[in-house]
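**Student:** Sending over a structure as structure tokens; questions will come in a sec.
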Amino acid sequence: MQNKVLPGNSVILEVTTDASATSYPSGHILDMRLHENMTVEFDFYPPNTPERVGKKPTFETKKDKLNQHDYNQITSLLDSLDLSNANDYYGPIRATSVDSFVKRNVLISYKGRKKSIILEERDSHLHLNEKSDLDLYPPPLIKLLEMIDDMNRDLRKHIDSQSR
Numbered sequence: 005m006q007n008k009v010l011p012g013n014s015v016i017l018e019v020t021t022d023a024s025a026t027s028y029p030s031g032h033i034l035d036m037r038l039h040e041n042m043t044v045e046f047d048f049y050p051p052n053t054p055e056r057v058g059k060k061p062t063f064e065t066k067k068d069k070l071n072q073h074d075y076n077q078i079t080s081l082l083d084s085l086d087l088s089n090a091n092d093y094y095g096p097i098r099a100t101s102v103d104s105f106v107k108r109n110v111l112i113s114y115k116g117r118k119k120s121i122i123l124e125e126r127d128s129h130l131h132l133n134e135k136s137d138l139d140l141y142p143p144p145l146i147k148l149l150e151m152i153d154d155m156n157r158d159l160r161k162h163i164d165s166q167s168r
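Numbering (this note's numbering), first residue to last: 5 to 168.
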């Protein structure tokens, strides 16, 4: 049996992160799955507090709803992102590994435009501020990823005030 997609429930953006065991959180993380009806899904994991050091993080997918302002900001960035000129893959700029890696997957399916973009770095995060200065990624993509990071942090803090 095939799953039916309800009207207004189509996924327009999904951002996931795959991170090495030396990163927190490690593994495959759903940063945000945004539906056109403003429903958002994300993985909640406990904050990295001293008593959790060395423990494997546990993930629970949560749902919420974005407010109209945040939704409009995301869709505005999706509108301004030139998907035809965006690369499918942005590789690491770090010459050597610091024993960790991160790979961010961005899947866009918005207004009939589809694109899969992979961003990778040999570190625990992508260093978006550096890449902005170096003009390595399209500026709307950097703003989108920064916004997703901020919104994800706010969504997790809403559940647990100690989340970072």
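Glycine included, every Cβ here is placed at the ideal spot set by N, Cα and C. It should be emphasised that the depicted structure is a prediction, and the values quoted were computed from it without experimental measurement.
Determine which residues share a DSSP beta bridge with Lys118 and list them.
**Tutor:** Ser113
**Student:** Apart from the five residues on each side of it in sequence, which residues of its chain come closer than 6 Å, Cβ to Cβ, to Val110?
**Tutor:** Val19, Ile121
**Student:** Verify whether the separation of the beta carbon atoms of Ser128 and Ser14 is less than 8 Å.
**Tutor:** no
**Student:** In the DSSP assignment, find the unbroken alpha helix (DSSP H) run with Thr79 in it and report its ends.
**Tutor:** Segment 72 to 84, the alpha helix (DSSP H) holding Thr79.
**Student:** Check whether the region 88 to 108 and the region 61 to 68 are in contact - that is, three or more C-beta pairs closer than 8 Å.
**Tutor:** no
**Student:** With three or more C-beta pairs closer than 8 Å as the rule, is the region 137 to 147 touching the region 32 to 48?
**Tutor:** Short answer: they don't touch.
**Student:** Measuring alpha carbon to alpha carbon, tell me which of Tyr114, Lys118, Lys107 ends up nearest His131.
**Tutor:** Lys107
**Student:** Under the three-state reduction of DSSP, which class applies to Glu125: helix, strand or coil?
**Tutor:** strand
**Student:** Verify whether the separation of the beta carbon atoms of Leu87 and Lys119 is less than 8 Å.
**Tutor:** yes
**Student:** Ordered along the chain, which non-local residues of its own chain (more than five positions away) have a Cβ less than 6 Å from that of Leu177?
**Tutor:** Residue numbering for the chain in the displayed model covers 5 to 168; residue 177 lies beyond these limits and cannot be assessed.
**Student:** Looking only at DSSP bridge pairs, what is Asp22 linked to?
**Tutor:** His32, Lys107
**Student:** Hey, Thr100 and Arg126: beta-carbon distance below 8 Å or not?
**Tutor:** yes
**Student:** Could you check what DSSP says for Glu134 in three-state terms: helix, strand or coil?
**Tutor:** Helix, per DSSP.
**Student:** Helix, strand or coil for Lys59? Go by DSSP, reduced to three states.
**Tutor:** coil
**Student:** Thinking just about the alpha-carbon of each residue, which of Leu17, Arg160, Arg157, Asp154 is nearest to the one in Leu85?
**Tutor:** Leu17
**Student:** Exposed or buried, which one is Ala23 when buried takes at least 16 other CB atoms within 10 Å?
**Tutor:** buried
**Student:** Can you tell me which of Ala25, Pro50, Glu45 puts its alpha carbon nearest to the alpha carbon of Lys161?
**Tutor:** Pro50
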